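Asker:
Chains as they are written, first to last, in the working numbering: chain Y, 1 to 417; chain C, 1 to 115.
Take a look at the structure:
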């Protein structure tokens, strides 16, 4: 059985950044396993711009961002395998994968980093009433067909859900000659970034129906139309039906971290993030198994994925070198009123150098509020926030001494000014 | 008159307020790019174009491209029409020029990956 110091599962933005950071920290026996035909992950189909402002200090498209990282990986001579599917990871840190050249292979790792990204919620997940004809696709699938393969999936399109991929696809399909009739969002606010509402919908006069959803799909073999209805607290309002003739319905209704192999290995997942529960070092409940990127929690910017994955890579390297302290006391980081989740979920000051970044999402849209941070119920600090939305990830930085000042937990909540 | 805008210069999405009577004075921005965007959006709105063109003999059927700079909003579909006629042949490098001075707009169309 072949031995590696660190095996990284997934060669997308998280895997690439983690691998480079492990390497930079002096641990050189690395393997990146990628199931697609090339490295880069979902960035390769995200041909729009907006990537890299934090990491490269310039605005890049997805493929450019990916290629820069792939080039760095190749320059460093880090080993990677393509067209290879990891089927199982085990508690003893053996990894099983398969590809058509080698067949079924088992390898031994000292540390594993899970960077498997996320998948899209699909038609089955949101139970739209009506038939199941062809022409109902997730926005990301339509994006791959268009940007990688060159197929436009429809000429008269409606989009359900206002996630970023859906908004980006509304513009993209409009540019390629399709008519995008509208976007419906069941919530009273959009699930996408504000800038995408502006540059993808408003620029092209595409209506956004907030508090609306698709209540019927019409058509037997091929989709012919849809019914859209206003909702009041998720319940369709009678006599508000609008019928649209469409040949495609795209779904942009959320992303879920991909954790099939993590769960099978006994990694504990968080009910809100749907990703592994991790500590300050991005280690899961299995010692030596780390997680980062969209497999850990869904990010809205790739730059944040890169930053997080670099930290996870550094910690995994420390683990291999024996510089990581696992058997230490940890305090919990608890999401209270108005906060949906905090990542990481627990922290030990022993593994924190100076500061630690906490990522979180809020549960609702807020204006002029404060984040209130408490140590064991005692107020530590307040941070003013002009505008908060669930679609936009928030960051709070704590210092080592602030963590040391708590015995049991640090809580964060939203309070009106 | 003051106009509220959402900055699209980066994914931060700052909420801007532009005072049209005060020489398009921008507030609410967190960086210089927001100031430039706020003024330009109300005087001469421009956008970067990202799309794909055909490629033969590559790993995929399409290769992504972008405009090397922003183009006026009302010229976007004109540029898209030009892109339809392009067919590349692999190998192509990242940031190679595909169309020089597209539609006379003073920007090039360049590839955004190698293939």
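From the three backbone atoms N, C-alpha and C, an ideal C-beta is built for every residue, glycine too. All values derive from a computational prediction rather than experimental measurement.
Run through the segment 197-225 of chain Y for me and flag every whole alpha helix (DSSP H) of 4 or more residues, listed as ranges in chain order.
Answerer: Within the segment 197-225 of chain Y, no complete alpha helix (DSSP H) run reaches 4 residues.
Asker: Would you call residue 391(Y) buried or exposed, if buried means 16 or more other Cβ atoms sit within 10 Å of its Cβ?
Answerer: Counting Cβ neighbours within 10 Å, residue 391(Y) comes out buried, since at least 16 surround it.
Asker: Apart from the five residues just before and just after residue 25(Y), which ones in its own chain have a Cβ nearer than 6 Å to its Cβ?
Answerer: Answer for residue 25(Y): 314, 317, listed in chain order.
Asker: Excluding five sequence neighbours on each side, which residues of the same chain lie with their C-beta closer than 7 Å to the C-beta of residue 201(Y)?
Answerer: So the list reads 167, 170, 183, 208, once near-sequence residues are dropped.
Asker: Name the residues in the segment 296-323 of chain Y whose C-beta lies less than 9 Å from a C-beta of chain C; which are they?
Answerer: Residues passing the 9 Å Cβ filter: 300, 301, 303.
Asker: Please report the Cβ distance between residue 178(Y) and residue 144(Y), rounded to the nearest whole angstrom; I am assuming they are in contact, meaning their Cβ atoms lie under 8 Å.
Answerer: About 16 Å; that fails the 8 Å criterion.
Asker: Just confirm the distance between the C-beta atoms of residue 180(Y) and residue 157(Y), as a whole number of angstroms; I'd bet it's less than 8 Å.
Answerer: Residue 180(Y) to residue 157(Y), Cβ: 5 Å. Contact.
Asker: Check whether the segment 117-134 of chain Y and the segment 235-251 of chain Y touch, using three or more Cβ-Cβ pairs below 8 Å as the test.
Answerer: Yes, since at least three Cβ pairs between the segment 117-134 of chain Y and the segment 235-251 of chain Y fall closer than 8 Å, the two stretches touch.
Asker: Tell me whether residue 349(Y) sits in a helix, a strand or coil according to DSSP, three-state version.
Answerer: In this structure, residue 349(Y) counts as helix in the three-state DSSP scheme.
Asker: Checking the sheet assignment: what are the DSSP bridge partners for residue 129(Y)?
Answerer: Beta-bridge pairing links residue 129(Y) to no other residue.
Asker: If we count the other Cβ atoms within 10 Å of its Cβ and call it buried at 16 or more, is residue 354(Y) buried or exposed?
Answerer: That one is exposed.
Asker: Suppose only complete runs of 3+ residues qualify. What are the beta strand (DSSP E) ranges in the segment 14-73 of chain Y, listed by chain order?
Answerer: If we require 3 residues or more, the beta strand (DSSP E) runs fully inside the segment 14-73 of chain Y come out as 30-33, 49-51.
Asker: Report all residues from its chain with a CB closer than 7 Å to the CB of residue 243(Y); omit the five preceding and five following residues, and keep chain order.
Answerer: Closer than 7 Å at the Cβ level, and outside the excluded window around residue 243(Y), lie 225, 227.
Asker: Going by DSSP in three states, residue 169(Y) sits in which element: helix, strand or coil?
Answerer: In this structure, residue 169(Y) counts as helix in the three-state DSSP scheme.
Asker: If we count the other Cβ atoms within 10 Å of its Cβ and call it buried at 16 or more, is residue 239(Y) buried or exposed?
Answerer: It is exposed - the Cβ of residue 239(Y) has fewer than 16 other Cβ atoms within 10 Å.
Asker: Should residue 362(Y) be labelled buried (16 or more other beta-carbon atoms within 10 Å of its own) or exposed?
Answerer: Under this definition residue 362(Y) is a buried residue.
Asker: Can you list, in chain order, the residues of the segment 132-163 of chain Y whose Cβ is nearer than 9 Å to any Cβ on chain C?
Answerer: Result list: 146, 147, 148, 149, 150, 151.
Asker: Can you tell me whether residue 43(C) is helix, strand or coil according to DSSP?
Answerer: If DSSP states are grouped into helix, strand and coil, residue 43(C) belongs with the helices.
Asker: Give the range of the alpha helix (DSSP H) segment to which residue 319(Y) is assigned.
Answerer: 302-320 is the span of the alpha helix (DSSP H), which, as asked, contains residue 319(Y).
Asker: If we count the other Cβ atoms within 10 Å of its Cβ and call it buried at 16 or more, is residue 426(Y) buried or exposed?
Answerer: No information on residue 426(Y) is available, as it lies outside the stretch 1 to 417 that chain Y covers here.
Asker: Using 7 Å as the threshold, is the C-beta distance between residue 44(Y) and residue 63(Y) below it?
Answerer: Cβ distance < 7 Å, so residue 44(Y) and residue 63(Y) count as in contact.
Asker: Who are the near neighbours of residue 397(Y) in its chain, counting only those whose CB is closer than 8 Å to its CB and skipping five residues on each side?
Answerer: Contacts found: 355, 356, 357, 358.
Asker: Quick one: does residue 224(Y) have its CB under 7 Å from some CB of chain C?
Answerer: Not one chain C Cβ lies under 7 Å of residue 224(Y).
Asker: Does the CB of residue 83(C) have a neighbour CB from chain Y at under 7 Å?
Answerer: Judged by the 7 Å Cβ criterion, residue 83(C) is not in contact with chain Y.
Asker: Distance, Cα to Cα, residue 98(Y) vs residue 33(Y)?
Answerer: Their Cα atoms are separated by approximately 10 Å.
Asker: Return no unless some Cβ of chain Y is closer than 7 Å to the Cβ of residue 1(C).
Answerer: Answer no: the Cβ-Cβ gap between residue 1(C) and chain Y never drops below 7 Å.
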